[in-house]
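Just below is one structure, and these are the notes that go with it.
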């Protein structure tokens, strides 16, 4: 058995450093690099890609709504064609930098509000998928299973990879607990690791109301800006090793 561990990285901007990328990129098998529209700028993007390449980590683009002030966590009512162009711009920028450094783009994963809203709203899911087709129709979309992500990708013959979350609590319907609530994030590294193991072994998580919720995933996300990001990954990798589960990028 194997599982891909991914992280959202490259989310610094200008003089501001966000997250724990140096440590995180030593412990994941895939990463999602901010494209400049919710976080990241050319120098942060290039530095993050170089670090990922040095660690043998697969690199994906992490596009968002154009919401730098809100860190991409606000839903934006954009027309489908406009959003498609915005996403294509972001994917193309990261793809070009990766290729200039001798690597290749592995996948695309939407960020924040774009991720959660497009899982429910077909026009924005379609904008993401069409941008992927224009950038490189062999790129997989990393997203939530059994949502518009998976449905629209299948309808357009775009590869799809199901993702779950290591450090986020789930509600009773299998969705993520809103970040507006105090228990949205799992803080304890042991609890994070246990949730990952449950996903790998039982394809389920225990929700906020203590019920078992089905979660099937090929890749599990860790947030690079989580206060315990590095400890979460270290504890998870140790627990996976104890249970003979290998960490391996899904695109290998």
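Residue numbers (our numbering): 27 to 278. For every residue, glycine included, the Cβ atom is placed at its ideal position computed from N, Cα and C.
Spatial neighbours of residue i within its chain, please: C-beta separation below 6 angstroms, excluding the five flanking residues on both sides.
i, result
"residue 52", "81"
"residue 270", "none"
"residue 101", "139, 143"
"residue 181", "none"
"residue 278", "Here the model assigns residue 278 a pLDDT of 47, short of 50, so the residue's position is not dependable, and the following value carries that caveat. The answer is none, since no qualifying residue turns up."
"residue 56", "30, 32, 84, 275"
"residue 111", "none"
"residue 38", "44, 70"
Taking the beta strand (DSSP E) that residue i belongs to, which residues open and close that run?
i, result
"residue 54", "Counting along the chain, residue 54 falls outside any beta strand (DSSP E), and DSSP gives it neither H nor E."
"residue 28", "28–35"
"residue 238", "238–240"
"residue 181", "Run containing residue 181: none in the beta strand (DSSP E); it sits in the alpha helix (DSSP H), 174–181."
"residue 86", "84–88"
"residue 168", "167–169"
"residue 245", "245–249"
"residue 184", "Looking at the DSSP string, residue 184 is not in any beta strand (DSSP E), and its letter there is neither H nor E."
Strictly by DSSP, which residues pair up with residue i?
i, result
"residue 196", "202"
"residue 256", "Answer by DSSP bridge pairing: none, since residue 256 is not bridged."
"residue 211", "194"
"residue 91", "Beta-bridge pairing links residue 91 to no other residue."
"residue 46", "In DSSP, residue 46 forms no bridge with anything."
"residue 39", "42"
Check for me: the alpha helix (DSSP H) holding residue i runs from which residue to which?
i, result
"residue 105", "Element bounds for residue 105: n/a, residue is neither H nor E."
"residue 160", "148–162"
"residue 17", "Nothing can be reported for residue 17: it is not among the residues displayed for the chain, which extend from 27 to 278."
"residue 75", "68–80"
"residue 222", "215–228"
"residue 270", "From DSSP, residue 270 is part of no alpha helix (DSSP H); its letter is neither H nor E."
"residue 282", "With the chain covering 27 to 278 only, the question about residue 282 has no answer from this structure."
Please tell me whether, using a cut-off of 8 angstroms, the distance from the CB of residue i to the nearest non-hydrogen atom of the ligand ATP is below it.
i, result
"residue 107", "Because no ligand of any kind appears in the structure shown, any question about the ligand ATP cannot be addressed here."
Could you check how far apart the C-beta atoms of residue i and residue j are, in whole angstroms? I think they sit under 8 angstroms.
i, j, result
"residue 91", "residue 60", "Incorrect: roughly 13 angstroms between the Cβ atoms, too far for contact."
"residue 157", "residue 114", "4 angstroms"
"residue 150", "residue 88", "At roughly 16 angstroms, the Cβ-Cβ gap does not stay under 8 angstroms, so residue 150 and residue 88 are not in contact."
"residue 11", "residue 133", "Within the shown structure, residues of the chain are numbered from 27 to 278, placing residue 11 beyond reach of any answer."
"residue 123", "residue 72", "6 angstroms"
"residue 178", "residue 155", "5 angstroms"
"residue 54", "residue 256", "Actually they are not in contact, since the Cβ atoms of residue 54 and residue 256 sit about 11 angstroms apart, beyond 8 angstroms."
"residue 223", "residue 265", "6 angstroms"
In its own chain, which residues sit with a C-beta less than 7 angstroms from the C-beta of residue i, not counting the 5 before and 5 after it?
i, result
"residue 193", "211, 212, 218, 248, 249, 252, 258"
"residue 41", "none"
"residue 204", "210"
Identify, in the order they occur along the chain, each residue of the same chain with its Cβ nearer than 8 angstroms to the Cβ of residue i, setting aside the five sequence neighbours on each side.
i, result
"residue 145", "151, 169, 170, 173, 174, 175"
"residue 188", "169, 170, 171, 176, 242, 243, 244, 245"
Checklist entry - If we count Cβ pairs, one from each stretch, closer than 8 angstroms, do we get three or more for the segment 72–81 versus the segment 102–113? => result no
Item to check | Cβ contact check for the segment 27–36 and the segment 229–239: 3 or more pairs under 8 angstroms | outcome: no
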